[in-house]
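Colleague: Numbering (this note's numbering), first residue to last: 466 to 871.
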Ligand code: HAM
């Protein structure tokens, strides 16, 4: 809506300038993608694939397509299709205000069409790149003036060490099956990692004592995690290790992180991301590491509003152009057009109202100046310039108007 646009521009401008400062280049991928792209990457057993993805039948036997639920898989597809592995690595990419689609019961902070700032660094496994991406995410909020957020991170290991952690988790939760919520009883078989993330009170209590991924990391993952912690310290980021942090997408390996608002509930994550070293290989490419995050723009704006952080103001006209007669109106149309051509924000009075009503309109629009044209002004090539705050006015030559208002 128009009254929200100031927030959107504010958030978008911060995002663009920050991404440029970190040498990320913009990429825009299509809204429609092959349905299977996300099954293979986000994961068959995730909420996104099970409950939230839109499924469309393409015409002419073109197969199953979807409205993208997230950007990472699509950006990796583009990386492969456009031979970006030939560029210097890592390839740093961001997308902005890209609409994503997830089916759910619409509620505050959870929409069926929403927008993300999405950031990916593809082609480098170094933990310093994870730290760079986490710092970028945190700075984004800092520079928006947002306070009160927490930054949490964890390592969930990789294909070598995670199976052992999952086995221990399954064992642990099976022993306490009766205390699990009905949803988690189902997830226990399909996606046991997600149990750590359940908001149900009894499941949360169980998660406190559950086996921790960081206790099962293989040597390589352990080294990576230690390096990441060291870099986050060096960067003086207020990041807290959270052994219960897991994410809702299956492609993550090693690092995961989230930025959370203090507002309770499932919508508390303003942004999140992590490393996905197996994703590109899953799409048919050579093994290629990657790391990134996404921030939900609607959630950020909602939070900005709750903190009463004002947005940029709507554009305000400098000049309101009023006229007294129909003949003068032609001249007013010309003058308004000339002002706009000279980069001056000008608005023409409309609706054939009396001069008094037009001046009232000028006041309500908030233009600091009104230009008034009557028959006399048309004849003499002048215009009345009224300073709205001072309630003073003077007659000036038409050819001086632009100079006076610039
Ligand atoms: P995600 O956690 O699914 O991660 O989404 C990131 C952010 O998008 C969330 O923190 C939230 O702010 C916003 N979001 C998600 N779903 C909705 C919704 N239904 N309504 C409003 N906002 C929503 C990803 O999408 C990963 N692709 C992030 C990533 C990039 N990981 C690596 N690179």
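Cβ coordinates follow ideal geometry from the N, Cα and C atoms, glycine included. Since this is a predicted model, take the numbers as computed values, not measurements.
Indicate the three-state DSSP secondary structure (helix, strand or coil) for residue 656 in the structure shown.
Modeller: DSSP places residue 656 in coil when its eight states are reduced to three.
Colleague: With DSSP run on the structure shown, which of helix, strand or coil describes residue 756?
Modeller: strand
Colleague: When you measure from the CB of residue 583 to every non-hydrogen atom of ligand 1, does any distance come out below 7 Å?
Modeller: yes
Colleague: Decide yes or no for the touch test of the segment 624-631 against the segment 689-702: beta carbon pairs closer than 8 Å, at least 3 of them.
Modeller: no
Colleague: Confirm, please, whether the CB-CB distance from residue 743 to residue 683 is below 8 Å.
Modeller: no
Colleague: Between the C-alpha atoms of residue 736 and residue 578, what's the straight-line distance to the nearest angstrom?
Modeller: 16 Å
Colleague: Just to check, is the beta-carbon of residue 757 closer than 7 Å to a non-hydrogen atom of ligand 1?
Modeller: yes
Colleague: On a Cα-Cα basis, can you pick out the residue from 524, 507 and 543 that is closest to residue 493?
Modeller: 543
Colleague: Just the Cα atoms here: how many angstroms apart are residue 707 and residue 854?
Modeller: Their backbone Cα atoms lie some 57 Å apart in a straight line.
Colleague: Is the CB-CB distance between residue 605 and residue 614 below 8 Å?
Modeller: no
Colleague: Suppose you measure from the CA of residue 532 to the CA of residue 506; what does that come to, to the nearest Å?
Modeller: 15 Å
Colleague: Grab the span of the beta strand (DSSP E) containing residue 580 for me, first residue to last.
Modeller: 578-587
Colleague: Does the Cβ of residue 752 have 16 or more other Cβ atoms within 10 Å, making it buried, or fewer, making it exposed?
Modeller: exposed
Colleague: Taking only three categories from DSSP, how would you classify residue 718?
Modeller: Strand.
Colleague: Identify every residue that forms a DSSP beta bridge with residue 490.
Modeller: 558
Colleague: Is residue 571 buried or exposed, if buried means 16 or more other CB atoms sit within 10 Å of its CB?
Modeller: exposed
Colleague: Whole angstroms are fine: how far does the CA of residue 860 sit from the CA of residue 797?
Modeller: 15 Å
Colleague: Compute the Euclidean distance between the alpha carbons of residue 469 and residue 857, then round it to the nearest angstrom.
Modeller: Approximately 35 Å, taken between the alpha carbons.
Colleague: Could you check the C-alpha separation between residue 747 and residue 594 for me, to the nearest Å?
Modeller: 21 Å
Colleague: DSSP on residue 531, reduced to helix/strand/coil?
Modeller: strand
Colleague: Mapping DSSP to helix, strand and coil, what is residue 572?
Modeller: strand
Colleague: What residue does the beta strand (DSSP E) around residue 706 start on, and which one ends it?
Modeller: 704-706
Colleague: Find the nearest neighbour of residue 680 within the set 620, 642 and 650, judged by alpha-carbon distance.
Modeller: 620
Colleague: Does the Cβ of residue 483 have 16 or more other Cβ atoms within 10 Å, making it buried, or fewer, making it exposed?
Modeller: buried
Colleague: State the beta-bridge partners of residue 563 as determined by DSSP.
Modeller: Secondary-structure assignment with DSSP links residue 563 through a beta bridge to 581.
Colleague: Confirm the yes/no value for this check: CB of residue 544, any heavy atom of ligand 1, distance under 7 Å.
Modeller: no
Colleague: Would you call residue 625 buried or exposed, if buried means 16 or more other Cβ atoms sit within 10 Å of its Cβ?
Modeller: exposed
Colleague: Starting from the N-terminal side, write out each stretch of the alpha helix (DSSP H) that is 4 residues or longer and does not extend beyond the segment 665-704.
Modeller: 666-674 and 684-699
Colleague: Taking all protein chains shown into account, decide if residue 583 is buried (16 or more other Cβ within 10 angstroms of its Cβ) or exposed.
Modeller: Result: buried.
Colleague: Give the C-beta separation of residue 769 and residue 609 to the nearest angstrom, bearing in mind that I take them to be a contact with Cβ-Cβ under 8 Å.
Modeller: 7 Å
Colleague: Need the endpoints of the alpha helix (DSSP H) that residue 501 sits in, please.
Modeller: 500-506
Colleague: Report the partner residues of residue 478 according to the DSSP bridge assignment.
Modeller: Paired residue(s): none; residue 478 is not in a bridge.
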